[in-house]
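In this note's numbering, the protein residues as written are 149 to 285.
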């Protein structure tokens with residue numbers, strides 16, 4: 149067991165007209181790991197048995213991207229826009245560098261985020277994902 153509890157209540161931060169919902173926990177020191185969830189997933193979909201061991205040594209940030217879960221706004225229609233919104237959220241928290249864990253579509257967003265914001269992303273862990281499919285108009 150850990151000496152902390154995964155929060156069940158969300159915090160909120162406003163950025164570029166969107167109110168983002170997030171939960172931050174784990175250690176206070178180190179580069180945070182931002183988790184990017186699968187298609188139609190929210191912060192609630194992460195398994196505590198997976199995130200607790202990471203939170204023992206790192207700050208962990210779960211969030212709902214625009215138009216999903218507790219975050220307002222319209223859901224983006226492209227991976228590129230999802231990545232842009234993710235960068236907006238991360239920067240609103242005042243973070244200069246993060247590691248990303250992307251699962252499924254979250255892994256696609258992670259790859260695009262690294263292309264758009266190379267200095268913001270230090271490392272990426274991709275799980276059950278692939279390169280973005282299809283062609284953006």
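Don't be surprised by glycine CBs; every beta carbon is placed ideally from N, CA and C. Treat the numbers as computed from the prediction; the structure is a model and nothing was measured.
- Around the beta carbon of residue 245, a 10 Å sphere encloses fewer than 16 other beta carbons of the protein chains shown; the residue is thus reported as exposed.
- The beta-carbon separation of residue 257 and residue 227, rounded to 6 Å, stays under the 8 Å limit for a contact.
- Between residue 165 and residue 230, the alpha-carbon positions lie close to 15 Å from each other.
- Residue environment for residue 232: buried (at least 16 other C-beta atoms within 10 angstroms of its C-beta).
- Residue burial is scored here from C-beta neighbours: residue 193 has fewer than 16 other C-beta atoms within 10 angstroms and is therefore classed as exposed.
- Per the coordinates, the alpha-carbon of residue 157 lies some 12 Å from the alpha-carbon of residue 211.
- According to the DSSP assignment, residue 183 belongs to the beta strand (DSSP E) that extends over 181 to 184.
- Under the DSSP assignment, residue 250 falls in the beta strand (DSSP E) whose first and last residues are 246 to 251.
- Burial check for residue 213: the Cβ neighbour count within 10 Å reaches 16 or more, so the residue is buried.
- Per the coordinates, the alpha-carbon of residue 218 lies some 24 Å from the alpha-carbon of residue 275.
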